[in-house]
Amino acid sequence: MDRRKEQGLDRIRSVAEAEVSRRALLKTGAAAGVSIGIGSWMLRGFSSAAAQGNVPTGTVVVGNAEPPTSAQWDSYSVFGLVDAQVASLVHDSLLGYDATDATIVGHLASEWELVSPTTTKLTLREGVKFHDGSPVTAEDVKATIDRIGNPESGLAWHNLIFPEGSCNIIDEKTVEVVTAKPFGPIEKALAVMPIFPASEIATPENFTKQAIGAGPFKFVSYTENKITVEANPDYWAGPPKLQTVVLDYIQDANARVSALLSGQCDIITRCSAEQLARVEGDANFYVVDVPPLTQVLCIYQSNGNLAKKETRQALGYAIDRQGIVDAIMEGVGKVPYSSIATNAPGYEEQPERFEYNPEKAKELLAAAGYDGNLTLTMATTSLVPKQKEIDQAIVQFLQDVGITVDVTTLEVGAYRTSYNQYDLTLNTLASFDYDPDFILGFYAGPTAEAVFHLNDPAIAPLIEAQRAAQGEERLAKINECAAYIWDLQPALYLSDELWPFIVSSKVQDYGRVPLVGEPLMRMAMKQA
Amino acid sequence: MISSTSQNAEPMAPPARTPSGRWTAFTARRGAWPLLLGTALFLAIVTAAIAAPLLTPYEPSRNSLAARLHGPFWDQAHKGSLEHILGTDGLGRDMLTRILYGIRVSLTLAALGLVVSVSLGVGVGLVSGLFGGKIDQALMRIVDVQLAFPYVVLAMAIVTATRTSIPILILLLGLAGWVYFARVVRGSVLQEMEKDYVKAAEVLGAGKLRIGLRYVFPNVLPAVVVIATLQFSALIIFEATLSFLGLGIQPPTPSLGGMMLDGVQYIASAWWVITFPGLAVLFTTLGLNLMSDGLRQLLDPRLQTVQ
Amino acid sequence: MLGFILKRVFQNLLMLAAIVLAVFVLMRLTAGDPARIKAPIFASEDVLNQYRAQFGTDTPLPQQLKTFLSGIPRGDFGTSFRYQEPVFSLIQQRLPRTVILAVCSLVLAVSLALVIGVAGARKPYGWLDRLGLALSAFGQSAPTFWVGLMLVLVFSVQLGWFPAVGFEGPISLLLPTIAVALAVLPTDLRVIRTAMLESLGQDYIRTAKAFGIPDRKITYQYALRNAALPLITVVGIDLGYLLGGTIVTEVVFNYPGLGQLAIDAVNARDYPLVQAITIVTAAIFVFVNLVVDLLYMVLDPRIRISG
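Those protein sequences? They're chains A, B and C, same order as listed.
Numbered continuously in my numbering, the first sequence closes out at residue 528.
Numbered continuously in my numbering, the second sequence closes out at residue 1307.
Numbered continuously in my numbering, the third sequence closes out at residue 2307.
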């Protein structure tokens, strides 16, 4: 490593002490996850004078690779990265995160208590207001929780982030959140569930026009793929340091880096190895990688040709996951040996690792009755970074064990809507609440049928079991459930996604928690 | 009409008897050199593409993850070596091999598209010119509509909806260029129809179709050939553009546009992936354009008014 | 004269109507269900139906066509499915940028063509003429998107002189302008050079020369005036091409113009947006052609009779 780079790295470390540089990251191959201790926001000592006196200043532009799912600002019905960013900036939740160590603290609720496995009692914070000036009341909380807890709601988040349940108002300042069955990840769920004004919920058509929340930033506009939010001076924990945050959609990967280099944006999200290489050794940038629980996986459809477990397991042996991660993803990834992300609480390596072993793959295929006569369909698109190359590598590995693959290229929109008609499709799966329960939920019920064409009655009870448990026991139950799914091999668990963000050094005290959204953005500030 | 007035004063070449004399006479004519150069360039590329399996030991779609993104042989900084003369792409595939096979694919598709274009365009042009009247007006309105239509948008809509398939691709390529043939053929037909011999044939009771095929078509042929070479190169570019937008031939089958699409993500780290397929398109179409230019000048000076 | 103009306008309106109908039917025949694309992956049929009701795609086709047609006179092209903004205002944001790009490219191409074409005609096969021929050959043979990518590779990535992204003031116009100008230059240059050669060979120019009028004056005052007519035609053709032809360039440069919008719209099956974009583009094309026809009549009285 030359001297200039060395200095650059020193600078990176001093700017954001705890963050892992790309070089270190590639050496260890470690997913940073929770282990990243103190947040840079704690080093507030040497921040710019501009932010003193708590007057919000400056604009941070975030360059994303995707636009919001729609201009429908109902966080509970959308799954995109930008949707989660908006939710975390504009809205506030009962619980929340104030530091990069991912400790849950009270937000709209000042105190809370788990009174039983199904019931959480919360005391609402006094004097908190929505952006329209109305106070946040127990009625608003009840309206929000009752809506997502209603199995008839049709909301996409239902049962993934919050199961069947409801909210009881005890008095003006006290509510009880009750789930129909014990729900282990309740605190993590309450820390990402935005509280909407009851009046907005009563008039759902408003979601297409505005987003009114109690969060640190106010929604200003959505025009031309850019979402603009500005500081909420009345935020209950004090105004944010930044005056404006812009979430910009820059489709092209090179253009995102160019925009960053030229100062047109300050943070670019979910970077590839190529993008990281562009700023390597450049003291003007640093890398933050605190991924949510997120996986790159090749989804199998467990009907048709892949109905037998042995066939799917054969695919696991046939494909060199580590080879793909090392070569095509250039080490920006981590191969898991279980069905949940390696940074997930409860993750443990399974004894059967399904490592690259083409001979074993052929044996299993022969045992399953295939003798060079298996043809699988695959759809490819550009949803996942380097998807076309990864897919072509997978095709090659399968051909090497005698499987024919018939590839169709689809436009992203068409891909999203028809992926489950193809045997093999690459996708990413991220937990919105830093809990593996969110991911495991995909493998049971109608969701499993829709996503994987999988219908294994043994999975639902395993999911229930980990939901019902607490503490260490819950971790063990999570592993038990993950292990069962791992053995089924309903997908190729290619890699964790490491989510490296490149950040301009002008942005100080920028920190992330392992979530898709940006709850700590209010701590960040920008040098003039 | 390049310099037809100022330089047509050249004396006609004397009748040549020896082969070398014929050669000299030929090369002295305006347009001979572009035609020769263009043909040589184009034929060289076509030959290389056909002989691809003999020229390179690699398979075009065989990955080699260990040899990803090697530079061309002179680019030592990117692990370039004589093993891969033009380097390798993001999956470790030999660039030269993929380019040669990609040219095969591009040329085949463009040629088939051209067949559709020519048949449709010449057919419409002949009918329009021969029969005139209402039929002519209706057909020419269709031509106008097509010209006013942002064709790329239309092509995208069709491909995204129907999913890419080779017949659809050929049809799209064919529909992209037929109007030029239609217009030129119609114009030439109208010119020919004014001539005495056609009028004479008409008087003698020859049918329109007979007149068209027997007398008019052979006279229109040179124009068609000139436009066809030009359109051939335009279709190669259009096919590359469609593939670049992800609407063309599907991977892992190599196509020049698709290779450039793959190369975009490496534009900052591996310049060769995007550069060489473009050069391949450039040289192929350059050959065709030179041919077209030469032919236009050689075949008929009047054709030079035809754009 | 007035009668002819009216007839021409009427014809063009008919053509526009044909395009409107064609777009409407094509979009609905070929595109998938926009509700499915908009809705989250796991959306139930209920949610999908809500979207369909919101988009108005749940009504029968004739009804949809009626709604669509009744909006046009009011300038109401509907609401974009994807952006949930009136289509009109989306186009209002983007169109000026595409027009700026098209006009800048046109100005660059035409001025280059004038300088080189006039010089080339005065001194055929001089160095400027040869440069022009080489530029033409390159512009005609290289795919525009690849030229754009090469410009990005050299000037943005390697040299870091220009931004490669978006629309950040005049500087980001430079590279796309060059790429697009290079694509239209060959036609412009050929037309101007030919027209200049032709008019320099005219009798009255020879007469002027004989009268001792300076060369310079002859070239710029008399010959160039004659070349104006073909130039107008070419500008008309170019504008039509540019409105559709900038699409791929806009993609390469991430230039937020109409072309980018068109691609996004097609991908999202955003019927109202695709319809409006095609109609607006076609309308501009038709309008420009009409203006060209009229200018022709003003400048060249011989043409008035035909039509």
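Positions of the beta carbon are idealized from the N, C-alpha and C atoms, including for glycine.
**Item:** Contact residues within the segment 2088-2106 of chain C, judged by C-beta distance below 7 Å to chain A
**Value:** Q2093
**Message:** For A253/A, would you say it is in contact with chain B, using Cβ-to-Cβ distances shorter than 7 Å as the test?
**Reply:** One-based indexing of the first sequence puts residue 253/A at position 253. So, interface residue.
**Request:** Give the residues from the segment 250-280 of chain A that approach chain B closer than 8 Å (Cβ to any Cβ), ordered along the chain.
**Result:** Within the segment 250-280 of chain A, the residues whose Cβ lies closer than 8 Å to some Cβ of chain B are D252, A253, N254, V257, S272, E274, A277, R278, listed in chain order.
**Request:** On the DSSP bridge assignment, give the partners of D171/A in chain order.
**Result:** The residue labelled residue 171/A in the question sits at position 171 within the first sequence. BP columns for D171/A point to T174/A.
**Message:** Could you check whether the Cβ of A393/A sits closer than 7 Å to any Cβ belonging to chain B?
**Reply:** On the first sequence, residue 393/A is found 393 positions in, with the first residue counted as 1. Yes - at least one Cβ of chain B is within 7 Å of the one on A393/A.
**Prompt:** What do you reckon, are the CB atoms on T119/A and E172/A nearer than 7 Å?
**Reply:** On the first sequence, residue 119/A is found 119 positions in, with the first residue counted as 1. On the first sequence, residue 172/A is found 172 positions in, with the first residue counted as 1. No.
**Prompt:** When you compare only the Cα positions, how much space is there between I38/A and S134/A?
**Reply:** In the first sequence, residue 38/A corresponds to position 38, counting from 1. In the first sequence, residue 134/A corresponds to position 134, counting from 1. Note that I38/A has pLDDT 35, beneath the 50 cutoff, so the model's placement of it is unreliable and no number is given.
**Prompt:** Is the beta carbon of Q350/A sitting closer than 7 Å to the one on Y337/A?
**Reply:** In the first sequence, residue 350/A corresponds to position 350, counting from 1. In the first sequence, residue 337/A corresponds to position 337, counting from 1. Their beta carbons are under 7 Å apart, which means Q350/A touches Y337/A by this criterion.
**Prompt:** Any idea if Q1077/B is buried or exposed, counting beta-carbon neighbours within 10 angstroms, 16 or more meaning buried?
**Reply:** Sequence index remark: in the second sequence, residue 1077/B carries index 77 (1-based). The sequence shown places Ala at residue 1077/B, not Gln. Per the 10 Å Cβ criterion, exposed.
**Request:** Could you check if G2212/C is buried or exposed, using at least 16 other CB atoms within 10 Å of its CB as the buried criterion?
**Result:** Residue mapping note: residue 2212/C aligns to position 212 of the third sequence, counting from 1. When all chains shown are included, G2212/C counts as exposed.
**Item:** Three-pair Cβ contact test at 8 Å for the segment 1032-1044 of chain B versus the segment 1290-1300 of chain B
**Value:** yes
**Item:** Cβ shell of F1283/B (< 8 Å), same chain only, five flanking positions each side left out
**Value:** For this step, residue 1283/B is matched to residue 283 along the second sequence. Same-chain partners within the cutoff: L1041, I1045.
**Asked** Just reading off the beta strand (DSSP E) that Q295/A is part of, what are its end residues?
**Response** As a first step, residue 295/A must be located in the first sequence, where it is residue number 295. Per DSSP, Q295/A belongs to the beta strand (DSSP E) from 294-300.
**D2238/C, buried or exposed, once every other Cβ within 10 Å from all chains shown has been counted against 16** = Position 238 of the third sequence holds residue 2238/C. Counting Cβ neighbours within 10 Å, D2238/C comes out buried, since at least 16 surround it.
**Proximal residues of chain A, C-beta to C-beta of R2036/C below 7 Å** = Start at 1 with the first residue of the third sequence, and residue 2036/C comes out as number 36. Ordered by position in chain A, the residues that pass the 7 Å Cβ test against R2036/C are T417.
**Prompt:** Would a check of beta-carbon distances place L1065/B closer than 7 Å to chain A?
**Reply:** Along the second sequence, read from residue 1 onward, the residue named residue 1065/B stands at position 65. Yes, because at least one Cβ of chain A sits closer than 7 Å to the Cβ of L1065/B.
**Message:** For K1199/B, report the span of its alpha helix (DSSP H) as first-last.
**Reply:** If you number the second sequence from 1, residue 1199/B lands on position 199. Run containing K1199/B: 1196-1203, per the alpha helix (DSSP H) assignment.
**Prompt:** Just curious, the alpha helix (DSSP H) that Q396/A is in, first and last residue?
**Reply:** Walking along the first sequence from the start, residue 396/A turns up at place 396. Residues 387-400.
**Prompt:** For a contact meaning CB atoms closer than 8 Å, what does D1267/B contact in chain A?
**Reply:** Mapped onto the second sequence, residue 1267/B falls at position 267. Sequence check: residue 1267/B is Ile here, not Asp. Correct list: N254.
**Request:** Can you have a look at T2067/C and say buried or exposed, based on whether 16 or more other CB atoms are within 10 angstroms of its CB?
**Result:** Stepping through the third sequence from its first residue, residue 2067/C is reached at position 67. The residue in question, T2067/C, is exposed, as its Cβ has fewer than 16 Cβ neighbours within 10 Å.
**Request:** Check whether the Cβ of L1299/B lies closer than 7 Å to any Cβ atom in chain C.
**Result:** As a working note, residue 1299/B is residue 299 in the second sequence. No, its Cβ sits nowhere closer than 7 Å to a Cβ of chain C.
**Request:** Throw me the rounded Cβ distance for the L242/A and A231/A pair, which I believe falls under 8 Å.
**Result:** On the first sequence, residue 242/A is found 242 positions in, with the first residue counted as 1. On the first sequence, residue 231/A is found 231 positions in, with the first residue counted as 1. A231/A and L242/A do touch by the CB rule: their CB atoms are close to 6 Å apart, below 8 Å.
**Message:** Once DSSP output is grouped into helix, strand and coil, what is the label at F1131/B?
**Reply:** Translated into the one-based positions of the second sequence, residue 1131/B becomes position 131. Here DSSP, grouped into helix, strand and coil, assigns F1131/B to helix.
**Item:** D496/A: first and last residue of the uninterrupted alpha helix (DSSP H) it sits in
**Value:** The residue you call residue 496/A lines up with position 496 of the first sequence. Run containing D496/A: none in the alpha helix (DSSP H); it sits in the beta strand (DSSP E), 491-496.
**Request:** Pull up the DSSP beta-bridge partners for Q1099/B, would you.
**Result:** Counting from one through the second sequence, the residue named residue 1099/B turns up at place 99. Contrary to the premise, residue 1099/B reads as Ile rather than Gln in this sequence. The partner list for I1099/B (beta bridge, DSSP) is empty, contrary to what the question assumes.
**Request:** Examine chain C for any beta-carbon lying closer than 7 Å to the beta-carbon of A1054/B, and answer yes or no.
**Result:** Looking up residue 1054/B in the second sequence gives position 54. It is worth fixing the name first, because residue 1054/B is Leu in this sequence and not Ala. Using a Cβ-Cβ cut-off of 7 Å, L1054/B does not count as an interface residue toward chain C, since no Cβ of chain C sits closer than that to its own.
**Cut-off 6 Å between Cβ atoms - residues of its own chain near K142/A, not counting five sequence neighbours on either side** = Locating residue 142/A in the first sequence gives position 142, counting from the first residue. Counting only Cβ-Cβ distances below 6 Å, and skipping sequence neighbours, we find C167, I169.
**Request:** Tell me, to the nearest whole angstrom, how far the beta carbon of L2189/C is from that of G2126/C; I am working on the premise that it is less than 8 Å.
**Result:** Taking the third sequence and counting its residues from 1, one reaches residue 2189/C at position 189. Taking the third sequence and counting its residues from 1, one reaches residue 2126/C at position 126. Their Cβ separation, rounded to whole angstroms, is 14 Å, which puts L2189/C and G2126/C out of contact at 8 Å.
**Request:** Give the residues of chain C in contact with D1262/B, contact being defined as C-beta atoms less than 7 Å apart.
**Result:** Position 262 of the second sequence, counted from the start, is the residue given in the question as residue 1262/B. The premise fails here: D1262/B is roughly 12 Å from chain C at the closest Cβ pair, so nothing lies under 7 Å.
**Prompt:** Are R2094/C and L2258/C touching if we call contact CB-CB under 7 Å?
**Reply:** Numbered from 1 along the third sequence, position 94 holds the residue referred to as residue 2094/C. Numbered from 1 along the third sequence, position 258 holds the residue referred to as residue 2258/C. Closer than 7 Å, so yes.
**Asked** Which value, in whole angstroms, describes the spacing of the CA atoms of L374/A and V405/A?
**Response** By one-based count along the first sequence, residue 374/A stands at place 374. By one-based count along the first sequence, residue 405/A stands at place 405. About 9 Å.
**Asked** Is the Cβ of L2084/C closer than 7 Å to any Cβ of chain A?
**Response** Indexing the third sequence from 1 puts residue 2084/C at position 84. Checking the sequence shown, residue 2084/C turns out to be Gln, not Leu. It does: the Cβ of Q2084/C has a partner Cβ on chain A nearer than 7 Å.
**Asked** In three-state terms, what does DSSP make of L376/A?
**Response** The residue you call residue 376/A lines up with position 376 of the first sequence. If DSSP states are grouped into helix, strand and coil, L376/A belongs with the strands.
**Message:** Let's see if you can read the secondary structure: which residues bound the beta strand (DSSP E) around Q243/A?
**Reply:** Here residue 243/A is taken as the residue at index 243 of the first sequence, counted from 1. Per DSSP, Q243/A belongs to the beta strand (DSSP E) from 242-249.
**Message:** With a threshold of 8 Å, are at least 3 pairs of Cβ atoms found where one atom belongs to the segment 325-339 of chain A and the other to the segment 483-492 of chain A?
**Reply:** yes
**Short-range partners of chain F found in the segment 2124-2142 of chain C, where Cβ spacing is below 7 Å** = Checking the listed chains, one finds no chain F in this structure; the protein chains it contains are A, B and C.
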